[in-house]
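Data block below; observations after.
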Amino acid sequence: MKQLKTLLPAALLTLFAGLPSVSSAADLTISCGAVGAELQLCKEAVEAWSKQTGNNVEVVSTPNSATERLSFYQQILSAQSTDIDIIQIDMVWPGMLAKHLMDLREVLPANATQGYFQAQVDNATVNGRLVTMPWFTDSGLLYYRKDLLEKYNKQVPQTWEEMTATARDVQQAERNAGNPDAWGYIFQGRAYEGLTCNALEWISSQPEGGLVNPRGDIVVNSQASRAALTLAKSWVGDISPRGVLNYTEEEGRGVFQSGNALFMRNWPYVWALVQSQNSAVKDKVGVAPLPRGGETGNHASTLGGWGLAVSRYSAHPKLAADLVSYLTSAQQQKHRALIGAYNPVIESLYQDPELLAAMPYYGQLHSILNDGVMRPASITADRYPRVSNAFFDRVHGVLAGELPVDQALAELESELTRIKRRNW
Amino acid sequence: MSVSTTHASCDELLLIRETPIQRRRVRAAWLFLTPMLLCLALVAAWPLLRTFWFSLTDANLADTSGGSFVGLSNYLFHDGSSWSGILVDPQWWNAVRNTLHFTVVSVGLEIVLGLLVALLLNIKFTGRSLVRALILIPWAIPTIVSAKIWSWMLNDQFGIINHLMLSLGLIDAPLAWTADADLSMWAVIIVDVWKTVPFVTLLMLAALQMLPSDCYEAARVDGIHPLKVFWRVTLPLLMPALLVAAIFRILDSLRVFDVIYVLTSNSSSTMSMSVYARQHLVEFQDVGYGSAASTLLFLVVAVIAMLYLYLGRRQLEVRS
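Right under this line is the structure:
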């Protein structure tokens with residue numbers, strides 16, 4: 042008994058700490074991402090709409106890792122919860138979440154998606170239902186330090202091999218010059234969706250490289266993958282810190298933005314942040330397409346992008362759709378591009394002089410977007426999370442030095458075959 | 568051992584004759600127990616049975632009612648050419664290995680350190696009660712919060728742990744605690760030990776304070792070396808409490824989830840059985856397969872707990 046009594050205060054403390062706080066009443070609840078300036082922008086826009094229409098909106102933030110965010114949404118949606126009306130969803134999820142999402146065509150005007158990239162609209166349409174309003178598009182970019190390349194008289198690398206060599210030289214030179222924390226290349230290496238995006242770029246930039254082709258064939262066990270992974274493995278502990286194996290976007294940005302990396306693979310949102318007032322590398326950063334895999338390879342960047350969807354279990358679907366159409370309007374998309382570097386999905390905005398002046402790489406971006414690789418989400422449908430998981434898991438094993446490249450690819454192929462069974 | 572004798576005498580009394588008063592007492596006992604049994608059935612038995620049922624279906628998280636009965640094929644299935652199912656999934660066995668590794672090392676460290684701290688806090692010194700309260704802090708912080716704090720402290724580029732070790736000259740290059748496959752399990756164990764040593768300390772301290780002082784007085788009179796007193800008197804008397812602390816910790820460690828998930832996500836070098844089950848249940852939306860993993864997890868925990876209790880009791884009997 043005495044034991045119990047001494048334990049009681051601790052037990053109670055633990056209990057109370059675990060209780061969820063009671064949220065205040067709101068007409069609508071929207072869940073925005075919180076990577077970079079996203080949350081701030083979302084809050085501001087939502088506030089403007091609230092003032093205009095007199096509705097109460099609560100903004101909730103979500104985990105930074107896309108994999109965790111998906112799990113969070115799946116839990117909320119499969120419980121048919123009315124807690125969240127509008128969710129921000131990754132463009133690889135519409136197929137998985139479609140049955141929980143409202144058909145926006147029913148409530149929005151017929152021309153709601155006019156002028157949008159057709160690929161984006163197609164991707165957001167599942168069985169003829171527009172389940173997501175595309176909001177911004179993403180593609181992997183190579184960020185580089187202009188000042189360092191100039192200082193050591195190097196070119197912006199065209200191939201991954203060139204990137205590796207340049208990174209190694211500059212890293213060594215910088216360390217000799219007195220910065221022991223200098224690194225060559227930073228990417229997203231944690232075992233999560235971001236690593237799938239990175240590794241898909243390495244593989245797809247090689248001639249004939251790929252994971253699952255558009256017909257649904259598993260093509261990953263190839264010479265292209267072998268070359269790509271062997272090179273990537275050599276980076277870890279050499280031009281990339283070993284910690285990169287647990288980095289998502291923001292950890293990597295931390296290293297680059299504090300001035301300790303020459304190259305970084307990241308999404309466009311980073312531009313606005315590395316150019317911000319308190320950035321250590323302001324005006325020292327350039328953006329280029331990701332390198333090609335060898336002389337005969339091609340530029341490949343994984344396309345991402347996010348949209349806004351309305352939950353079918355929302356108590357105010359009409360109101361929610363109204364807010365969605367406000368947030369995705371051309372004026373909002375332009376504002377978000379200027380302030381946060383979130384790329385619009387309305388094509389004409391890429392010729393907008395104001396945007397071109399603020400972001401000199403916008404001219405290139407149009408072609409990067411055209412060269413983009415889609416993750417095989419539509420073909421593998423609801424097995425995509427497994428496919429992606431199997432892929433990033435093996436790649437992570439290779440990078441961590443636990444798995445030889447050949448064995449990893451063979452294992453991956455047989456696992457994908459098992460996931461596929463007869464058909465996706 | 569006085570407890571068991573009173574038990575025995577009660578049983579004997581019951582066997583001799585059952586008076587109306589005793590019958591009434593039994594009825595009253597059942598009456599008082601019923602709400603708790605109902606509660607248990609509702610919050611423990613029902614979910615357990617439901618999980619077991621789901622493990623025999625191919626239910627999907629998007630629509631849990633839509634699953635159909637598939638027998639044991641989530642566990643093991645032969646489709647003409649190859650075996651599939653959890654029992655042949657190398658990832659699952661990897662998770663089992665990780666969990667056992669984690670449990671053995673972290674519970675072992677926790678018991679030893681917890682006992683040491685308890686012995687230390689059992690000595691009278693000024694400010695003892697303050698220290699006793701302070702030592703509870705790691706246990707009171709929710710695991711998610713402490714794991715997140717540690718993940719920043721262990722960060723390879725800005726983490727304070729690397730900074731300290733570098734400035735002390737223990738290492739020449741920062742370690743990637745949570746990323747390096749050789750280190751990440753240790754990182755998880757360190758955080759878990761830090762968090763749960765107070766719990767073990769608390770139980771040990773309570774037991775230490777109940778030890779009879781006459782044994783110690785006798786030992787002092789006879790001039791026995793303190794170390795020998797510890798091995799011959801303190802430890803055997805503490806054994807029951809130690810076993811209780813260990814079983815609590817073993818059961819907790821076998822189903823460890825939060826600390827691992829926050830520190831290293833789904834990385835296979837630290838994936839525990841719970842992380843595996845959650846990945847299938849939630850990320851892959853495969854309620855059937857995930858429930859099968861949960862059921863196996865339950866069985867593993869149950870078997871280990873029973874074995875432990877059985878061996879522990881025998882050990883105590885032998886000693887007494």
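As given, the protein sequences belong to chains Z and L, one line each in that order.
The numbering used here numbers the first residue of the first sequence as 42 and each following residue consecutively.
The numbering used here numbers the first residue of the second sequence as 568 and each following residue consecutively.
Think of the CB as a built atom: it goes at the ideal place given N, C-alpha and C, for glycine as much as any other residue.
This one's a predicted model, so the numbers in the text were calculated from it and none came from an experiment.
- For the set Z:Asp-68, Z:Ala-120, Z:Phe-113, Z:Ala-362, the Cα lying nearest the Cα of Gly-95 of chain Z is the one of Z:Asp-68.
- Counting along the chain, the unbroken alpha helix (DSSP H) around Met-840 of chain L starts and ends at 840 to 845.
- Minimum Cα-Cα distance from Ile-280 of chain Z among the listed residues Z:Val-436, Z:Glu-215, Z:Arg-462 corresponds to Z:Glu-215.
- Of all residues in the segment 194 to 227 of chain Z, only Asp-222 come within less than 8 Å of chain L when Cβ atoms are compared, listed by chain position.
- With respect to chain L, the C-beta atom of Lys-140 of chain Z has a partner C-beta closer than 8 Å.
- Between Leu-805 of chain L and Leu-775 of chain L, the alpha-carbon positions lie close to 7 Å from each other.
- Contact with chain L is absent for Gly-74 of chain Z, since none of that chain's Cβ atoms lies less than 8 Å from the residue's Cβ.
- Cβ contact annotation for Met-838 of chain L (same chain, cutoff 7 Å, sequence separation greater than five): Asn-661, Ala-662, Asn-665, in chain order.
- Taking the beta carbon of Ala-371 of chain Z as reference, no residue of chain L falls within 9 Å; the closest one sits roughly 34 Å away.
- Residue pairing from DSSP places Asp-630 of chain L in a beta bridge opposite L:Asn-627.
- Taking a C-beta distance under 8 Å as the contact criterion, Leu-241 of chain Z and Val-414 of chain Z qualify as a contact pair.
- Ser-419 of chain Z and Val-854 of chain L have their C-alpha atoms some 22 Å from each other.
- Put simply, the CB of Ser-112 of chain Z is near chain L, with a gap under 8 Å to one of its CB atoms.
- Under the criterion of beta carbons closer than 8 Å, Ser-352 of chain Z and Leu-118 of chain Z qualify as touching, at roughly 6 Å.
- The DSSP-derived three-state label of Met-720 of chain L is helix.
- From the beta-carbon of Asp-124 of chain Z, no residue of chain L is found nearer than 7 Å; the closest lies around 17 Å away.
- Measuring C-alpha to C-alpha distances from Arg-186 of chain Z to each of Z:Met-204, Z:Met-174, Z:Gly-169 identifies Z:Met-204 as the nearest.
- In summary, no residue of the segment 399 to 420 of chain Z has a CB separated from any CB of chain L by less than 7 Å.
- Ser-734 of chain L counts as exposed, since fewer than 16 other beta carbons sit within 10 angstroms of its beta carbon.
- Closer than 8 Å to the CB of Ala-356 of chain Z there is not a single CB belonging to chain L.
- Arg-427 of chain Z: member of the alpha helix (DSSP H) spanning 425 to 440, first to last residue.
- According to DSSP, residue pairing for Gly-348 of chain Z in a beta bridge involves Z:Ile-130, Z:Pro-175.
- Sixteen is the threshold: when 16 or more other Cβ atoms of the shown chains lie within 10 Å of the Cβ of Gly-235 of chain Z, as they do, the residue is buried.
- Within 10 angstroms of the beta-carbon of His-340 of chain Z lie 16 or more other beta-carbons, which makes it buried.
- Within the segment 621 to 697 of chain L, the runs of alpha helix (DSSP H) at least 4 residues long that lie entirely inside it are, in chain order, 657 to 689.
- By the rule that beta-carbons nearer than 8 Å mark a contact, Gln-882 of chain L does not touch chain Z.
- For Arg-822 of chain L, there is no enclosing beta strand (DSSP E), as DSSP marks it with neither H nor E.
- Leu-453 of chain Z is a Cβ neighbour of Arg-435 of chain Z, given a cutoff of 8 Å.
- For Pro-401 of chain Z and Ile-653 of chain L, the gap between their C-alpha atoms comes out near 52 Å.
- Rounded to whole angstroms, the Cβ separation of Ser-317 of chain Z and Lys-325 of chain Z is 13 Å, and the two are not in contact under 8 Å.
- Taking 8 Å as the threshold, the shortest C-beta distance from Thr-831 of chain L to chain Z falls below it.
- For Met-305 of chain Z, there is no enclosing alpha helix (DSSP H); the residue is found in the beta strand (DSSP E) stretching over 302 to 307.
- Beta-carbon to beta-carbon, Ala-449 of chain Z and Val-439 of chain Z are separated by about 5 Å, close enough to satisfy the 8 Å threshold.
- Residue environment for Pro-150 of chain Z: exposed (fewer than 16 other C-beta atoms within 10 angstroms of its C-beta).
- The Cβ-Cβ distance between Asn-641 of chain L and Tyr-856 of chain L falls below 8 Å.
- In this structure, Thr-768 of chain L keeps its C-beta atom at 8 Å or more from the C-beta atom of Phe-619 of chain L.
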